[in-house]
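For reference, each letter of the sequence shown is one residue, going 1 to 129 in UniProt numbering.
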Amino acid sequence: MPYAVGTDGGLRILLVTSRGTRRWIIPKGWPMKLRSPHKAAAQEAFEEAGVIGKSSKQPVGAYEYDKLADDGSSVRCTVTVFPLEVRYLDEIWPEAAQRSRQWFAQEEAANLVDEPALRILLRDYRPPN
């Protein structure tokens, strides 16, 4: 969950569009061999949104969603959410041609995602001091 604290102290969340439906989501992906879960999450955030930052080792929660497969079937997935403080946004990133990215105020980001549990995580998140 890429975030930054604005100069006004307000929390901003970086969302990306999904490749298929173009709906707003947080960067996510599958576990990676030889990478801890929070490092894998940071890698996915770079690939999907060009994010470079500091990921928390502690997740803030999890949510479930149905991932549509190419054959039309769906797979129930559980996503563990790790906060990632954005330090830099790369102008060129691996999935730039497939996704859009945009900063949103915390409440707006929460309202834009479809998954109710993710909406709650985004709305209630407070970064460490």
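A virtual CB, placed ideally from N, CA and C, is assigned to each residue, including glycine.
Small disclaimer: the values here were computed from a predicted structure and weren't measured.
So what does residue i bridge to, in DSSP terms?
i: ILE92; result: DSSP, once it has assigned bridges, lists no residue as partnering ILE92.
i: LEU5; result: Correcting the residue type first, residue 5 is Val in the shown sequence and not Leu. Answer is LEU11, bridged to VAL5.
i: LYS54; result: GLU85
Please look up how many angstroms separate the CB atoms of residue i and residue j, rounded, as I've assumed it's under 8 Å.
i: ARG99; j: GLU44; result: Not really, about 12 Å apart at Cβ, beyond 8 Å.
i: VAL81; j: GLY61; result: 6 Å
Using only CA atoms, which one of the options lies nearest to residue i?
i: HIS38; options: TRP24, GLY53 and ILE25; result: GLY53
i: ARG87; options: ARG126, ARG22, SER55 and SER18; result: SER55
i: GLU85; options: LYS57, GLU108 and ILE25; result: LYS57
i: ILE26; options: GLY10, GLY50 and SER73; result: GLY50
i: GLU64; options: VAL113, LEU34 and TRP93; result: VAL113
i: THR7; options: ARG23, ALA105 and ASP124; result: ALA105
i: TRP93; options: ALA109, GLY10, PHE46 and ALA42; result: PHE46
i: ARG22; options: GLY29, ALA42 and ARG101; result: ARG101
Over what stretch of residues does the alpha helix (DSSP H) that includes residue i continue unbroken?
i: ALA40; result: 37-49
i: ILE120; result: 116-124
i: LEU112; result: 106-112
Tell me, please, whether the CB atom of residue i is closer than 8 Å to any CB atom in chain B?
i: GLN98; result: No chain B appears in this structure, which consists of one protein chain only.
Could you spell out the range, first to last residue, of the beta strand (DSSP E) harbouring residue i?
i: ALA97; result: Here ALA97 belongs to no beta strand (DSSP E), and DSSP marks it neither H nor E.
i: ALA62; result: 61-68
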